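Enquirer: Residue numbers for the sequence shown follow the numbering used here, so the first one is 1 and each next one is one higher.
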Amino acid sequence: MTSELPGQIRPLERMDDLVALCARRGFIFPSSEIYGGINGFWDYGPLGVELKNNLKAAWWQEVVRERDDVEGIDSSIICHPRTWEASGHVEHFSDPMVDCRACKKRFRADQLADAGPCPSREGTSEHDWTEPRRFNLMLQTRIGASEDAAAVAYLRAETCQPIFNDFRRVREVARQQIPFGIAQIGKAFRNEINPRNFTFRSREFEQAELEFFCRETERDRWFDHWLGERLRFHRELGLGPDHLRTRPHAPEELAHYCKRAMDIEFRFPFGWQEIEGIHDRGDWDLSRHSEFSGKDLGVTDPETKEHYVPVVIETSVGIDRSCLALLCHAYREEALEGGEARTVLRLHPRLAPIKVAVLPLSKKLAEPARRLERELRRRWNAFYDDAGNIGRRYRRQDEVGTPFCVTYDFDSETDGRVTVRERDSMQQERIALDGVAAWLTDRLGPGA
Ligand code: ATP
1 MTSELPGQIR
11 PLERMDDLVA
21 LCARRGFIFP
31 SSEIYGGING
41 FWDYGPLGVE
51 LKNNLKAAWW
61 QEVVRERDDV
71 EGIDSSIICH
81 PRTWEASGHV
91 EHFSDPMVDC
101 RACKKRFRAD
111 QLADAGPCPS
121 REGTSEHDWT
131 EPRRFNLMLQ
141 TRIGASEDAA
151 AVAYLRAETC
161 QPIFNDFRRV
171 REVARQQIPF
181 GIAQIGKAFR
191 NEINPRNFTF
201 RSREFEQAEL
211 EFFCRETERD
221 RWFDHWLGER
231 LRFHRELGLG
241 PDHLRTRPHA
251 PEELAHYCKR
261 AMDIEFRFPF
271 GWQEIEGIHD
281 RGDWDLSRHS
291 EFSGKDLGVT
301 DPETKEHYVP
311 VVIETSVGID
321 RSCLALLCHA
331 YREEALEGGE
341 ARTVLRLHPR
351 LAPIKVAVLP
361 LSKKLAEPAR
371 RLERELRRRW
381 NAFYDDAGNI
391 GRRYRRQDEV
401 GTPFCVTYDF
411 DSETDGRVTV
421 RERDSMQQER
431 IALDGVAAWL
441 TDRLGPGA
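1) Just to confirm my understanding: we take Leu-237, look at its own chain, exclude 5 residues before and 5 after, and list those with CB closer than 8 Å. What are they?
2) Under 8 Å from any heavy atom of ligand 1, does the C-beta of Val-317 make it?
3) For ligand 1, any of its heavy atoms closer than 8 Å to the Cβ of Ser-94?
4) Using 10 angstroms around the beta-carbon of Ser-76, count the other beta-carbons present and answer buried if the total reaches 16, otherwise exposed.
5) Taking only runs that begin and end inside the stretch 300-333, name each unbroken alpha helix (DSSP H) of 4 or more residues, in chain order.
6) Could you check the C-alpha separation between Ala-145 and Val-406 for me, to the nearest Å?
7) Any C-beta of chain B sitting closer than 9 Å to the C-beta of Thr-199?
8) Based on the DSSP secondary-structure assignment, which residues constitute the bridge partners of Ser-94?
9) Thinking just about the alpha-carbon of each residue, which of Tyr-394, Leu-324, Met-262 is nearest to the one in Ile-313?
10) How is Trp-380 classed by DSSP in three states: helix, strand or coil?
11) For ligand 1, I want to know if Thr-141 counts as a neighbour, meaning its beta carbon is within less than 8 Å of at least one of the ligand's heavy atoms.
12) Kindly list the residues whose CB is nearer than 7 Å to the CB of Arg-203, restricted to its own chain and excluding five residues on each side of it in sequence; keep chain order.
13) How is Leu-239 classed by DSSP in three states: helix, strand or coil?
14) With a threshold of 16 other CB atoms inside 10 Å of the CB of Thr-441, please say whether the residue is buried or exposed.
15) I believe Val-309 touches Leu-286 by the beta-carbon criterion, under 8 Å. Please report the beta-carbon distance rounded to the nearest angstrom.
16) Specify, as a first and last residue, the run of the beta strand (DSSP E) that Met-262 falls within.
17) Residues in the same chain with beta-carbon distance under 8 Å from Ala-437, minus the five sequence neighbours each way, listed in chain order, please.
18) Would Thr-402 be called buried (16 or more neighbouring beta carbons within 10 Å of its own) or exposed?
19) Specify the secondary structure class of Val-400 as computed by DSSP and reduced to three states.
20) Tell me, to the nearest whole angstrom, how far the beta carbon of Val-98 is from that of Thr-130; I am working on the premise that it is less than 8 Å.
21) Taking the alpha-carbon positions, what's the Gly-271 to Arg-14 distance?
22) Is any non-hydrogen atom of ligand 1 found closer than 8 Å to the C-beta of Glu-91, if you look at the structure I gave you?
23) I think Trp-226 touches Thr-315, with their Cβ atoms under 8 Å apart; what is that distance to the nearest whole Å?
24) Grab me the residues of Arg-121's own chain with a C-beta within less than 8 Å of its C-beta, minus the 5 sequence neighbours each way, in chain order.
25) For Tyr-257, does the three-state DSSP call read helix, strand or coil?
26) Roughly how many angstroms separate the alpha carbons of Phe-164 and Leu-137, rounded to a whole number?
27) Pull up the distance between the alpha-carbon of Asp-224 and that of Asp-242, whole angstroms please.
28) Can you check which of these residues, Gly-45, Glu-252, Glu-216, Ile-143, is closest to Arg-25 by C-alpha distance?
29) Let me know if Pro-360 comes out buried or exposed under the rule of 16 or more other beta-carbons within 10 Å of its beta-carbon.
30) For Glu-291 versus Ala-157, is the C-beta spacing smaller than 9 Å?
31) Distance check for Pro-11 and Asp-17, CA to CA, integer angstroms please.
32) With distance defined between alpha-carbon atoms, name the residue in Trp-84, Gly-181, Pro-96, Asn-381 nearest to Ile-73.
33) Between Asp-320 and ligand 1, is the CB less than 8 Å from at least one heavy atom?
34) By DSSP, does Ile-38 sit in helix, in strand, or in coil?
35) Going by C-alpha distance, which of His-92, Gly-48, Gln-111, Glu-209 is nearest Val-64?
36) Consult DSSP for Thr-407 and reduce its assignment to one of helix, strand or coil.
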């Protein structure tokens, strides 16, 4: 970046740059790193967990708390195994897989373009593929001490199935009438054939899902409503129009029970990819769980007394994929005056892991600076840094997306003022020490 003109901005072009930053600054790094990592599993460090929690809190606030027609739950990860027979996962939740007879690598048959050349064949770099065969993506486990087949269970492959299991009880306890929704955020597990693109395709990941139950005649209205809401959410968190688009599923892509589906896609450095799906699942799930459990999951219209099975509109977003999209979008390298450069994460303040950093100009100013830090920590995730020159300290905060830095200097001792610096513009302003919290409240907004 050093040879470029001041003010020049370079967006993220190579995922490796983001992967390196995430490891170096403790956002995301390989799980079990000391053992060489484990393919498809990732750990979120001190900053990563804050980012992820902020995203989940924003989703929960808008999808659950701000609505009187949505209830939240937190179900167990392992459900009764019949759940996954009813949902069709045991029979159908599989991807086509091929092996190369030469290099022994295994790939999804529909993603062979990404396989690269075969390193093991002589005279050609073409792979020697086997015929595709179905590979079930459900991760199995065993429950209890018994070794027999009855104890086989599955780690949930999506968070929505337990919502259907709980539909009747939640509706009763919350005294909800159709239309209403049930939402949850939690872990899902898929034994992906090729985990790749950092956290984009993992074997353990988090989903935030809403299942919204409505009358059949209202399905299109609710589909459009939720698509609009979810797009607004992504846009408000900063994903710009040139990086966000919708893609309707073609009829041949739709699951047999699905009437309509729309992907929300983000333009990653590795191409346009789905981050969220909006699906009209019809009455498939409730009907199947009624059939398999023998419990009636239909509802009775309070006025007409008609008994019917509601239709489901689903919104399903990957928390890890969204975090990755937000990080990709926020990342930029900027050329500064004097041949210097900085890396900055322009994260929405609501998502930024650290909201404010307190930087005393000298270690001698620790006492009053620490006092300010303690005050700010009661409201926000604040950070204290007294190591290195002030420019270096600003760079460290820019690189992790901290929207504001407050510098306490020797003048602060006499004039009761501090310097606040904004991340994106790098503008500085001198404000009253006892007004810092109010100044930040105005700028960070209520959700931060
Ligand atoms: P894909 O086609 O990419 O495998 P999908 O269509 O199977 O995804 P859904 O079952 O609709 O995905 O899951 C909803 C959301 O869950 C996705 O939009 C994505 O954000 C997230 N998700 C699905 N699989 C993974 C995975 N292996 N790793 C991380 N996130 C995932």
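A virtual CB, placed ideally from N, CA and C, is assigned to each residue, including glycine.
Just so it is clear, the structure is predicted and the values come from calculations on it, not from any experiment.
Expert: Judging by the given coordinates:
1) Sequence index remark: in the sequence shown, residue 237 carries index 237 (1-based). Counting only Cβ-Cβ distances below 8 Å, and skipping sequence neighbours, we find Leu-55, Ala-58, Leu-326, His-348, Arg-350, Leu-351.
2) Numbered from its first residue, the sequence shown carries residue 317 at position 317. Yes - ligand 1 has a heavy atom lying nearer than 8 Å to the Cβ of Val-317.
3) Taking the sequence shown and counting its residues from 1, one reaches residue 94 at position 94. Not so, every heavy atom of ligand 1 lies at least 8 Å from the Cβ.
4) Counting from one through the sequence shown, the residue named residue 76 turns up at place 76. Looking at its Cβ environment, which holds fewer than 16 other Cβ atoms inside 10 Å, Ser-76 is exposed.
5) Counting only runs of 4 or more residues that sit fully inside the stretch 300-333, the alpha helix (DSSP H) segments are 319-330, in chain order.
6) Position 145 of the sequence shown, counting from 1, holds the residue named residue 145. Position 406 of the sequence shown, counting from 1, holds the residue named residue 406. C-alpha separation (whole angstroms): 58 Å.
7) This model lacks chain B altogether, as it is built from one protein chain only.
8) As a first step, residue 94 is located in the sequence shown; it is residue number 94 there, counting from the start. Looking at the DSSP assignment, Ser-94 forms a beta bridge with Asn-136.
9) Residue mapping note: residue 313 aligns to position 313 of the sequence shown, counting from 1. Nearest option by C-alpha distance: Met-262.
10) For this step, residue 380 is matched to residue 380 along the sequence shown. Note: Trp-380 maps to coil in three-state DSSP.
11) Position 141 of the sequence shown, counted from the start, is the residue given in the question as residue 141. The answer is no for Thr-141.
12) On the sequence shown, position 203 is the one that residue 203 refers to. Within the same chain, Arg-203 has close Cβ partners Gly-40, Phe-41, Phe-189, Arg-190, Asn-191, Glu-192, Pro-195.
13) Along the sequence shown, one-based indexing puts residue 239 at 239. DSSP places Leu-239 in coil when its eight states are reduced to three.
14) On the sequence shown, residue 441 is found 441 positions in, with the first residue counted as 1. Exposed: under 16 other Cβ atoms inside 10 Å.
15) What you label residue 309 is simply residue 309 of the sequence shown in a count that begins at 1. What you label residue 286 is simply residue 286 of the sequence shown in a count that begins at 1. Right, their Cβ atoms sit about 5 Å apart.
16) Position 262 of the sequence shown holds residue 262. That run of the beta strand (DSSP E) goes 260-268.
17) As a position in the sequence shown, residue 437 is number 437, starting the count at 1. Cβ within range, chain order: Glu-375, Leu-376, Arg-379.
18) By 1-based counting over the sequence shown, the position of residue 402 is 402. Buried, by the Cβ-count rule.
19) Locating residue 400 in the sequence shown gives position 400, where the first residue counts as 1. Val-400 falls in the coil class under three-state DSSP.
20) Looking up residue 98 in the sequence shown gives position 98. Looking up residue 130 in the sequence shown gives position 130. Right, the Cβ-Cβ distance comes to about 5 Å (below 8 Å), so this counts as a contact.
21) The residue given as residue 271 occupies position 271 in the sequence shown. The residue given as residue 14 occupies position 14 in the sequence shown. Each residue's Cα considered, the two are about 12 Å apart.
22) Taking the first residue of the sequence shown as position 1, residue 91 is located at position 91. Not under cutoff, so the answer is no.
23) Along the sequence shown, read from residue 1 onward, the residue named residue 226 stands at position 226. Along the sequence shown, read from residue 1 onward, the residue named residue 315 stands at position 315. Going by Cβ atoms, the distance from Trp-226 to Thr-315 rounds to 5 Å, so yes, they are a contact pair.
24) Position 121 of the sequence shown holds residue 121. Same-chain partners within the cutoff: Ala-102, Cys-103, His-127, Asp-128.
25) Here residue 257 refers to the residue found at position 257 when the sequence shown is read from its first residue. Note: Tyr-257 maps to coil in three-state DSSP.
26) To locate residue 164, count along the sequence shown from 1; it is residue 164. To locate residue 137, count along the sequence shown from 1; it is residue 137. Rounded to whole angstroms, Phe-164 to Leu-137 spans 21 Å at the Cα level.
27) In the sequence shown, the residue the question calls residue 224 occupies position 224. In the sequence shown, the residue the question calls residue 242 occupies position 242. Asp-224 and Asp-242: Cα-Cα distance of roughly 21 Å.
28) Taking the first residue of the sequence shown as 1, we reach residue 25 at position 25. Measuring from the Cα of Arg-25, the nearest candidate turns out to be Gly-45.
29) As a working note, residue 360 is residue 360 in the sequence shown. With 16 or more other Cβ atoms within 10 Å, it is buried.
30) As a first step, residue 291 is located in the sequence shown; it is residue number 291 there, counting from the start. As a first step, residue 157 is located in the sequence shown; it is residue number 157 there, counting from the start. No, the pair does not count as a contact, with Cβ atoms beyond the cut-off.
31) Start at 1 with the first residue of the sequence shown, and residue 17 comes out as number 17. Start at 1 with the first residue of the sequence shown, and residue 11 comes out as number 11. Straight-line Cα distance between these residues: approximately 11 Å.
32) If you number the sequence shown from 1, residue 73 lands on position 73. Out of Trp-84, Gly-181, Pro-96, Asn-381, Gly-181 has the C-alpha closest to the C-alpha of Ile-73.
33) Residue mapping note: residue 320 aligns to position 320 of the sequence shown, counting from 1. Indeed, a heavy atom of ligand 1 lies less than 8 Å from the Cβ.
34) On the sequence shown, position 38 is the one that residue 38 refers to. Ile-38: coil per DSSP, three-state reduction.
35) By 1-based counting over the sequence shown, the position of residue 64 is 64. Ranking the options by Cα distance to Val-64, first place goes to Glu-209.
36) Against the sequence shown, residue 407 aligns to sequence position 407. If DSSP states are grouped into helix, strand and coil, Thr-407 belongs with the strands.
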